[in-house]
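Only one structure is covered here, and it is reproduced in the block below.
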Amino acid sequence: MTRIMIIVGSVRPGRVGLSVAEWVRDRIQESLDGDGDGDAASLDLVDLAELNLPFLDEPHHPAKRAYTKPHTVAWSERVSAADAVVLVSPEYNHSYSPALKNAIDFLFTEWAHKPVAVVSYGGASAGTRGAAALAPVLASVGLVKVAANPEINFIGTRMIDGVFQGDDKLGGTVATMTRMLVETSEALKPLR
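Written out as structure tokens, the structure is:
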């Protein structure tokens, strides 16, 4: 069974990221159910606002895994349990959110040899500049980016009463992303 972690990359009050992540989670589940593989994956939705990690406060480099804080140990265990990762990320000033960077930086080896996809959202650029800025960070911790990375432009026009409204085209991209995550996770499993 592939365990897919979906991380909400924004903690800002008034954010839309949680609604987008919930929509993505539901499309992933539908994709797995539609393929007859509903039991092939489990989903873990991580809301960084709820996780509430402080700014990195460990005295040792995360590669050593010599964690001293209970919140780091819990985060390490949760990420270690994942086989694939989906980052739902806004674009902040041509980059990604500091909360997302902090959550990534807390750990190191836990990310290695896992496939990752970025669901980016924003205005006209659909968050793609933030997703591009994330790429070297993801590679540096050993995450392997899959080719299908859904991009959501004009996010404000897709919110109705605080709920994200995706469409069939975006749902198709999420289905492709899901297939790639599961297949890549299986291929990388011997390395984890």
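Once you know that position 72 of the sequence shown is 72 in full-length UniProt numbering, the rest is easy, because the numbers rise by one and skip nothing. Glycine is no exception: its CB is placed at the ideal position from the N, C-alpha and C atoms. Quick caveat: nothing in here was measured; it's all calculated off a predicted structure.
Classify residue 55: buried if its beta carbon has 16 or more other beta carbons within 10 angstroms, exposed otherwise. Counting C-beta atoms within 10 angstroms of its own C-beta, residue 55 has fewer than 16 neighbours from the protein chains shown and is therefore classed as exposed.
Status (buried if at least 16 other CB within 10 Å, exposed otherwise) for residue 140: exposed
Near residue 145, what residues of its chain come up, given a Cβ to Cβ distance below 8 angstroms and the 5 sequence neighbours on each side ignored? 115, 116, 117, 118, 135, 138, 139
At which residue ranges does the region 41-110 contain complete beta strand (DSSP E) runs of 3 or more residues, listed in the order of the chain? For the region 41-110, the full-length beta strand (DSSP E) segments reaching 3 residues or more read 41-47, 84-90 along the chain.
Per-residue DSSP class, three states only, for residue 190: In the structure shown, residue 190 falls within a helical segment according to DSSP collapsed to helix, strand and coil.
Neighbourhood of residue 143 by C-beta distance below 7 angstroms, restricted to the same chain and skipping five residues each side: If you ignore the 5 residues before and after residue 143, its C-beta comes within less than 7 angstroms of the C-beta of 85, 111, 114, 116, all in its own chain and listed in chain order.
Measuring CA to CA, which of 76, 94, 103 is closest to residue 129? Residue nearest to residue 129 within the set 76, 94, 103 is 94 (criterion: CA-CA distance).
Output needed for residue 150: all residues of its chain with C-beta closer than 8 angstroms, excluding positions within five of it in sequence on either side, in chain order. 24, 117, 119, 120, 170, 173, 174, 177
Just to confirm the assignment, what range does the alpha helix (DSSP H) spanning residue 136 have? 128-140
Taking only three categories from DSSP, how would you classify residue 120? strand
Check each candidate in 161, 103, 133, 125 and name the one with the smallest Cα separation from residue 154. Out of 161, 103, 133, 125, 125 has the C-alpha closest to the C-alpha of residue 154.
Going by DSSP, name the residue or residues bridged to residue 163. 160
Does residue 45 get closer than 9 angstroms to chain D when you measure Cβ to Cβ? Absence of chain D from the displayed structure is noted, only one protein chain being present.
Using only alpha-carbon positions, find the residue among 15, 29, 14, 34 that is nearest to residue 215. In this structure the chain extends from 1 to 192, so residue 215 is not present and cannot be described.
With DSSP collapsed to three states, give me the class of residue 144. strand
Excluding the 5 residues preceding and the 5 following residue 109 in the sequence, name in chain order all residues of the same chain whose CB lies nearer than 8 angstroms to its CB. 62, 63, 65, 142
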